[in-house]
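Chemist: Numbering of the sequence shown is given in my numbering, commencing with residue 155 and proceeding in unit increments. Glycine residues also receive a C-beta, built at the ideal position from the N, C-alpha and C atoms. Fair warning: this is a prediction, and the values are worked out from it, not measured in the lab.
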Amino acid sequence: MDVVLREAGLSRTAVRSLGTLDARAAEPGIAGAAALLGVPVRGFAAEELAAVSVPHPSARPLAATGTASVAEAAALLAAGTEPGTGAGADAGAVPGADAAPGTGEPAAPPARARAVLLVPKRKTRRATCALAASVPVRSHEDAPGARLLPRTHGYIAGEPGSPPTIPTPHTTAAMDMHTHTDAHDLRHHGDAEVRDEKLIDLAVNVRTDTPPDWLRRRIADSLTGLAAYPDGRVARAAVAERHDLPANRVLLTAGAAEAFVLLARALPARRPVVVHPQFTEPEAALRDAGHAVGRVLLREEDGFRLDPAAVPEDADLVVIGNPTNPTSVLHPAASIAALARPGRTLVVDEAFMDAVPGERESLAGRTDVPGLVVLRSLTKTWGLAGLRIGYVLAAPGTIADLERAQPLWPVSTPALVAAEACMSRAALAEAEHAAHRIGVERAHLLAGLAEFDEVRTVAGAEGPFVLVRIDGADAVRERLRSLGFAARRGDTFPGLDRNWLRLAVRDRATTNRFLQALDQALLMGG
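Right, dumping it as structure tokens:
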């Protein structure tokens with residue numbers, strides 16, 4: 155309860171009652187918590203709880219009590235049936251029990267009020283707790299926070315806005331169910347999961363509702379100048395200023411993918427090493443350029459975290475992502491910098507770093523790390539995957555080598571205009587706000603995933619996506635497609651297998667619908 159109160163920014167004195175299943179109201183854990191808080195326990199019949207639509211349903215409490223979340227339903231009922239706020243709770247004396255506290259303002263509620271969930275259920279080994287409050291309803295608002303449904307209401311089927319329950323045929327990308335670790339499809343990318351399909355996209359890590367209108371207008375205005383050859387000097391200077399670097403340390407590229415090709419072709423490397431699991435394009439580009447590529451495979455039991463000592467001393471080119479796709483792990487900048495050696499090129503793919511608040515652990519702008527090459531992409535945060543724009547930050551000599559390998563005019567005029575626009579102070583502030591928003595929505599997704607015993611998430615996710623392990627995830631992915639959702643298969647990443655999926659962070663409503671579909675997909679598999 156203290157955890158959810160802290161998350162809501164409230165103290166214990168804000169709690170007005172605890173709500174739970176009436177059969178559990180006298181259990182020592184719940185009664186003791188109520189006594190500690192000095193509030194009453196509200197016991198609700200199973201029929202009352204089952205009539206509440208909860209945003210984070212789970213199969214286990216549904217089977218045990220008839221409601222898809224005792225914690226959330228009890229919290230909403232407690233908050234909605236008394237002055238102030240209510241809480242619901244189920245103690246750990248019962249295996250798999252749910253617990254929920256509710257809070258409210260000390261003043262009496264207004265004539266019209268609704269119960270809203272402040273904090274979704276948070277689960278520990280002994281209890282589950284959620285937090286709800288009673289808030290006023292404005293005259294133009296009609297939707298109640300706790301929507302009562304008939305007892306016959308289905309858990310997934312029949313819920314307004316739920317994914318379709320009748321499977322529809324979808325063309326699925328080919329999958330090797332027993333891929334050998336050296337036979338990963340390095341050219342498979344998330345867009346293949348949704349191409350030509352009408353699916354809700356959790357497979358591609360581009361931020362939704364982008365590019366923003368102001369950026370669309372800037373790009374559209376640039377089309378009047380298409381008769382002239384592209385001139386990248388202004389955009390290059392803008393990127394340099396953004397990272398407090400001289401312009402000769404910046405190279406604009408047609409996305410990060412081009413940068414990987416340039417590195418593979420322009421820089422001499424006797425023993426390149428790629429740290430996996432990570433974005434596969436760097437290794438693919440190196441192999442296409444004729445290099446024999448070594449792999450350092452980070453382990454699940456270590457949380458896929460970097461151990462600099464695992465990288466061979468004689469590696470003269472090392473590639474690592476930060477935060478890493480697909481694990482969403484953010485490695486400490488000091489750990490990555492420790493990989494630097496005289497005569498070694500250290501390539502850090504920071505394509506998702508602007509999705510991390512404050513861009514902490516970034517090495518962009520550093521000039522004290524020998525051989526450092528940092529890659530950035532503008533396609534993820536700004537929704538410019540179709541425009542192809544990114545850049546490289548490195549020592550002037552390295553930039554010159556890469557530039558010689560580029561064709562003339564490699565970046566289009568609209569892409570150059572977009573790069574300049576995304577370096578403005580207003581744009582950087584918008585990106586920072588989006589990074590914080592992603593963190594909130596990611597926490598919501600992780601909280602929902604934690605309700606599934608079959609799902610294990612990689613801890614400490616910091617990117618706009620999470621990596622999950624589910625036994626038979628390849629089959630679950632197919633069922634999700636039939637329910638209208640696309641997830642990124644994990645078996646194409648070296649170090650992962652058919653039991654992994656990557657899920658993009660989306661808005662709360664989309665995540666709730668996905669969690670319902672995931673629950674159904676797991677139930678369909680028995």
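(1) Just curious, the beta strand (DSSP E) that residue 144 is in, first and last residue?
(2) Between the C-alpha atoms of residue 458 and residue 570, what's the straight-line distance to the nearest angstrom?
(3) How would you label residue 431, buried or exposed, when you count the other beta carbons within 10 angstroms and need 16 or more for buried?
(4) Work out the CA separation of residue 392 and residue 297 for me, nearest whole Å.
(5) Are residue 498 and residue 464 closer than 8 Å when you measure CB to CB?
(6) By how many angstroms is the C-alpha of residue 398 removed from the C-alpha of residue 548?
(7) Among 640, 496 and 189, which residue has its Cα nearest to the Cα of residue 352?
(8) Output the distance between the C-alpha atoms of residue 276 and residue 208, rounded to the nearest integer angstrom.
(9) Which residues does DSSP pair with residue 606 in a beta bridge?
(10) Hey, residue 588 and residue 535 are a contact pair by Cβ (cut 8 Å); roughly how many whole angstroms apart?
(11) Going straight from the alpha carbon of residue 580 to that of residue 574, what length do you get?
(12) Can you have a look at residue 388 and say buried or exposed, based on whether 16 or more other CB atoms are within 10 angstroms of its CB?
(13) Among the residues of its own chain, which have a CB less than 7 Å from the CB of residue 566, if the five just before and after it don't count?
(14) Suppose only complete runs of 3+ residues qualify. What are the beta strand (DSSP E) ranges in the stretch 160-185, listed by chain order?
(15) Use the C-beta contact count for residue 167: other C-beta atoms within 10 angstroms, 16 or more gives buried, fewer gives exposed.
(16) Am I right that residue 448 and residue 473 are in contact with their C-beta atoms under 8 Å? What's the rounded C-beta distance?
(17) Excluding the 5 residues preceding and the 5 following residue 613 in the sequence, name in chain order all residues of the same chain whose CB lies nearer than 7 Å to its CB.
(18) May I ask which residues mark the beginning and end of the beta strand (DSSP E) holding residue 660?
(19) Would the stretch 403-417 count as touching the stretch 553-566 if we require 3 or more Cβ pairs under 8 Å?
(20) Out of 544, 523, 433 and 400, which has the shortest C-alpha to C-alpha gap to residue 408?
(21) Determine the burial state of residue 514: buried for a count of at least 16 other Cβ atoms within 10 Å of its Cβ, exposed for fewer.
(22) At which residues does the beta strand (DSSP E) containing residue 531 begin and terminate?
(23) On a Cα-Cα basis, can you pick out the residue from 192, 412 and 461 that is closest to residue 170?
(24) Taking residue 172 as the reference, which of 156, 196, 181 and 180 has the closest Cα?
Modeler: The relevant details are as follows:
(1) Lying before the first or after the last residue shown, residue 144 is absent from the chain, which here runs from 155 to 680.
(2) 36 Å
(3) buried
(4) Any reading at residue 297 must be qualified, since the residue scores a pLDDT of 35, below 50, and its modelled position is unreliable; the value itself is stated next. Between residue 297 and residue 392, the C-alpha separation is close to 47 Å.
(5) no
(6) 13 Å
(7) 640
(8) 14 Å
(9) None, per the DSSP bridge assignment.
(10) 6 Å
(11) 12 Å
(12) exposed
(13) 384
(14) 169-175
(15) exposed
(16) Rounded, the Cβ-Cβ distance is 11 Å, inconsistent with contact.
(17) 457
(18) Element bounds for residue 660: n/a, residue is neither H nor E.
(19) yes
(20) 544
(21) exposed
(22) 526-531
(23) 192
(24) 196
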